Amino acid sequence: MASQFSVAVIVGSLRRESFSLKIAKALTKLAPSSLKLDVITLNELSFYNQDLEATPPADWVSFRDRIRKADAVLFVTPEYNRSVPGVLKNAIDVGSRPYGQSVFNGKPGGVISNSPGAIGGFGANHHLRQSLVFLNVPVLQQPEAYVGGIGDAFDEKGELVKASLREFLEAYIKAFAAWVAQQKK
Ligand code: FNR
Numbered sequence: 065m066a067s068q069f070s071v072a073v074i075v076g077s078l079r080r081e082s083f084s085l086k087i088a089k090a091l092t093k094l095a096p097s098s099l100k101l102d103v104i105t106l107n108e109l110s111f112y113n114q115d116l117e118a119t120p121p122a123d124w125v126s127f128r129d130r131i132r133k134a135d136a137v138l139f140v141t142p143e144y145n146r147s148v149p150g151v152l153k154n155a156i157d158v159g160s161r162p163y164g165q166s167v168f169n170g171k172p173g174g175v176i177s178n179s180p181g182a183i184g185g186f187g188a189n190h191h192l193r194q195s196l197v198f199l200n201v202p203v204l205q206q207p208e209a210y211v212g213g214i215g216d217a218f219d220e221k222g223e224l225v226k227a228s229l230r231e232f233l234e235a236y237i238k239a240f241a242a243w244v245a246q247q248k249k
């Protein structure tokens, strides 16, 4: 049997009707069978505080465990003020510590940013990539995923109805699967 790789899909928005969350869920249906996607929301993750490392909060421990178990990480995020939403940066900080024990280290990654606007979260996408360099996460370079005009992509049940986006996400997750397989060789 061909290998199957698990992917932690980290969602950068806490919003119930988040487009980022809807994209993450759509990806679980579009992914090839070589990937198993675990969608991780950050609603329960508390703020990083180095003082707590001696006895880390249970929510940090379970978040770190979930990422540690994954073969790869895929970030799906909106852009806040041309950068990464605070909740996502916090998750990166929580997963990166204690020093020398980052759960992200060496895992192949991907970044999908999105926005109702035209620029597709370019600023968030690249600020996130800056942290991923330091975290030693080799990130898929092409295709880049700056998903603009997300506002009309889903119906009221949260189903992806925009054919052009379905096609793009299908191509993206296929390329991501090939990237993960190549990195895990
Ligand atoms: C935004 N939004 C936004 N959009 C964008 O394209 N560039 C930006 O810099 C910002 N900045 C920003 C800041 C804050 C605090 C909020 C609340 C929103 C709009 C944003 O793209 C929109 O609200 C998305 O729907 C948020 O993503 P989710 O929650 O749908 O995943």
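To convert, note that position 54 of the sequence shown is 118 in my numbering; the numbers rise steadily by one, no gaps. Quick reminder that beta carbons are idealized off the backbone N, C-alpha and C, glycines included. Source: prediction; values computed, not measured.
For residue i and residue j, what's the separation of their Cα atoms in angstroms?
| i | j | result |
| --- | --- | --- |
| V225 | P207 | 21 angstroms |
| I131 | D219 | 31 angstroms |
| I237 | A72 | 13 angstroms |
| G185 | K86 | 16 angstroms |
| V148 | D157 | 12 angstroms |
| F168 | P142 | 21 angstroms |
| P120 | S97 | 35 angstroms |
| I104 | E223 | 19 angstroms |
| S160 | G213 | 32 angstroms |
| A217 | A118 | 45 angstroms |
| P202 | K133 | 17 angstroms |
| S195 | S228 | 30 angstroms |
| S82 | Q246 | 31 angstroms |
| G187 | A88 | 20 angstroms |
Does residue i come out as helix, strand or coil in the three-state DSSP assignment?
| i | result |
| --- | --- |
| Y236 | helix |
| H225 | Per the sequence shown, the amino acid found at residue 225 is Val instead of His. Looking at V225 - three-state DSSP - the assignment turns out to be coil, as it is neither helix nor strand. |
| V158 | helix |
| V71 | strand |
| I87 | helix |
| D219 | coil |
| K100 | strand |
| G76 | coil |
If I'm right that residue i touches residue j with Cβ under 8 angstroms, what's the distance once you round it to whole angstroms?
| i | j | result |
| --- | --- | --- |
| D123 | L109 | 5 angstroms |
| S70 | D102 | 6 angstroms |
| A155 | F127 | 7 angstroms |
| L233 | L94 | 5 angstroms |
Find out if the Cβ-Cβ distance for the pair residue i, residue j is shorter than 8 angstroms.
| i | j | result |
| --- | --- | --- |
| G170 | V137 | no |
| L199 | S166 | yes |
| V211 | D135 | no |
| L116 | L152 | no |
| V140 | V75 | yes |
| G215 | P180 | yes |
| L21 | A241 | Any answer about residue 21 is impossible in this case: the structure gives the chain only from 65 up to 249. |
Minimum length 3: unbroken beta strand (DSSP E) runs contained in the region 115-202: DSSP runs (the beta strand (DSSP E)) wholly in the region 115-202: 136-142 and 173-178.
Residues proximal to the ligand COA by C-beta, any heavy atom closer than 6 angstroms: Absence of the ligand COA is noted for the structure shown, with the ligand FNR being the only ligands found.
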